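What follows is one structure encoded as structure tokens, with my remarks underneath.
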Amino acid sequence: MERGAPVAYFLGLLVALVGFWLGMSGHFSPLLLSLGALSVAVCLILAYRLDIIDREGAPYVRILGYAMYFPWLMKEIVKANITVIRACVKADLDIAPALVKVKTTCRTDLAKVTFANSITLTPGTVTVEVEGDKMLVHALYEQEAQPEAFEDMDRRSRIAADGKGAGA
Amino acid sequence: MTAAALIALLIGMLLLLIRAIAGPTLYDRVLAVNSFGTKTVLALGLLGFVMGRPEFLDIAILYALINFVATIAILKFFRYRSFQVPLVRRGGPGGGNNG
Amino acid sequence: MGDLIANIADFWGMARFPLGAALCLGGGILCLIGSVGVLRFPDFYTRLHAASITDTAGAILILLGMGLMAPGWLVVSKLVAIFVFLFLTGPASSHAAANAAHTAGLQPMIGPIGQRSDDDEEAA
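Quick look at the structure:
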């Protein structure tokens, strides 16, 4: 692993861990604060030994992109939920499951993970397999899972994870 | 009304137990147990609010983590029949970034 | 002006408990619907879709409702932590189950299942 700017990632992880401890504990007595400092130090040492203090360990750079992506994803989840809930409570079953191959334009692993997780998070579609830039998607309704339906999500997750200039 | 929500969750968990016992394949059972775990997390939180002790959320957080690890461990075990195998793709090593 | 803000705060303090409880109830019912779907759907891959209702809609509504009823910021931060865990691990375990089943050679049902050409069903 290249140790380009480890101090920034180190500080990022430190801030996240301290925030997590304070958010979970809520006590500010000296004993508990020193125990928290000890836990954070142990976590940092372990993370250093595991070599995971890198871009993915402290993803602060892309936080704005994900903040813009999240509301859109929520909207998609609500829309898809209505379809699947209707299929669940309908008196007689009318579903048309299908396996669809989706090609993604995402280049980096982070973008692919974002895209595949978004597909799986949306009810009605599940990523079954990821091979290179092709994904096998199982969908509850064949007519709603044409490859064009995923293009928008693909583009948005690429922008969220890689920034505007990357990919394609 | 919170108690009613808790009861609805518990009935849902009961239905999932039926699927976990009846499920024809292994994966149905794993799916049912995983969904059962998610519902348990939510039910623990609601139980804390019904009893007026939101400290139950700590247990819920722990359960959320354990549930994920348990699901992955069960699936890994039934795929490789061992916990000691490194998780690699069958088609070739890595697999993520070789387009 | 201060009066108005105090009024809004009063109203919020009064309304948040029924609102939160209603959201929790809605989420509970959605979880129940998801379980019914898991029982009803014909094969593993379709059951996966029903289970993801619980993971998304049910979890969002219940956590939101609990957040509205929360007595302090500490509880809200724990709820946010649960939300983040569920949203990162839920799709990961769904995908793991689907991928394991696919690798083991479990074939999904393809094509329309139980579809009827009645007009009243199309309108619903």
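Residue numbers (the numbering used here), protein chains in the order written: chain A, 1 to 168; chain B, 1001 to 1099; chain C, 2001 to 2124.
Each residue gets a CB set at the ideal place from its N, CA and C atoms; glycine is no exception.
Note that the structure is predicted; figures quoted are calculated from it, not measured.
Residue-level contact by beta carbon holds for B:Val1030 and chain C, with a gap shorter than 9 Å.
Annotation for C:His2049: the continuous alpha helix (DSSP H) segment containing it runs Phe2044 to Ile2053. Taken in chain order, the members of the segment 10–33 of chain A whose beta-carbon sits within less than 7 Å of a beta-carbon on chain C are Gly23, Met24 and Gly26.
The DSSP-derived three-state label of B:Met1001 is coil. Proximity of chain A to C:Leu2048 at the Cβ level (cut-off 8 Å) is accounted for by Val126 and His138, in chain order. In the structure shown, C:Ile2113 falls within a strand segment according to DSSP collapsed to helix, strand and coil. Taking one beta carbon from each stretch, the segment 1054–1073 of chain B and the segment 2045–2062 of chain C have fewer than 3 pairs nearer than 8 Å; the two do not touch.
When secondary structure is reduced to three states using DSSP, A:Met135 falls in the strand class. At least one CB atom of chain C sits nearer than 9 Å to the CB of A:Met74. Of all C-beta pairs linking the segment 80–90 of chain A to the segment 2029–2039 of chain C, three or more are shorter than 8 Å, placing the two stretches in contact. Annotation: the continuous alpha helix (DSSP H) that includes B:Ala1073 extends over Phe1056 to Tyr1080. The beta carbons of C:Ala2101 and B:Asn1034 sit about 13 Å from each other, so the pair does not count as a contact at 8 Å. Cβ contact annotation for A:Lys101 (same chain, cutoff 8 Å, sequence separation greater than five): Lys134, Met135, Leu136, Val137 and Pro147, in chain order.
Between A:Glu129 and A:Ala98, the CB-CB gap reaches or exceeds 9 Å.
Taking the CA atoms as reference points, C:Leu2004 sits about 10 Å from C:Phe2011. Shown here for A:Leu22: same chain residues with a beta carbon closer than 8 Å to its own, the five before and five after excluded, namely Gly36 in chain order. Selection B:Gly1037, B:Met1051, B:Met1013 and B:Arg1019 evaluated against B:Ala1070 yields B:Gly1037 as nearest (Cα-Cα).
Contact annotation for B:Ala1073 against chain C: no contact, minimum CB-CB distance about 10 Å [criterion: below 8 Å]. Nearest C-alpha to A:Arg107 among A:Ala41, A:Tyr66 and A:Ala161: A:Ala161.
Of the other Cβ atoms in all chains shown, 16 or more fall within 10 Å of the Cβ of C:Lys2078; this residue is therefore buried. At least one C-beta of chain C is nearer than 9 Å to the C-beta of B:Pro1054. The shortest CA-to-CA distance from C:Met2014 to any of C:Met2069, C:Arg2047, C:Thr2046 and C:Ala2057 is the one to C:Met2069. Using beta-carbon distances, C:Arg2016 does not count as an interface residue toward chain A, since no partner is under 9 Å. Sorting B:Ala1005, B:Leu1031 and B:Leu1010 by C-alpha distance to the C-alpha of B:Arg1019 places B:Leu1031 at the top.
Listed by position along chain C, the residues whose Cβ is nearer than 9 Å to that of A:Ala116 are Pro2091 and His2095. Unbroken alpha helix (DSSP H) stretches of 4 residues or longer found wholly inside the segment 98–126 of chain A: 109–121, given in chain order. Between B:Ala1003 and C:Ile2082, the CB-CB gap reaches or exceeds 9 Å. Cβ atoms of A:Ala96 and C:Ile2033 stay farther apart than 8 Å, at about 20 Å.
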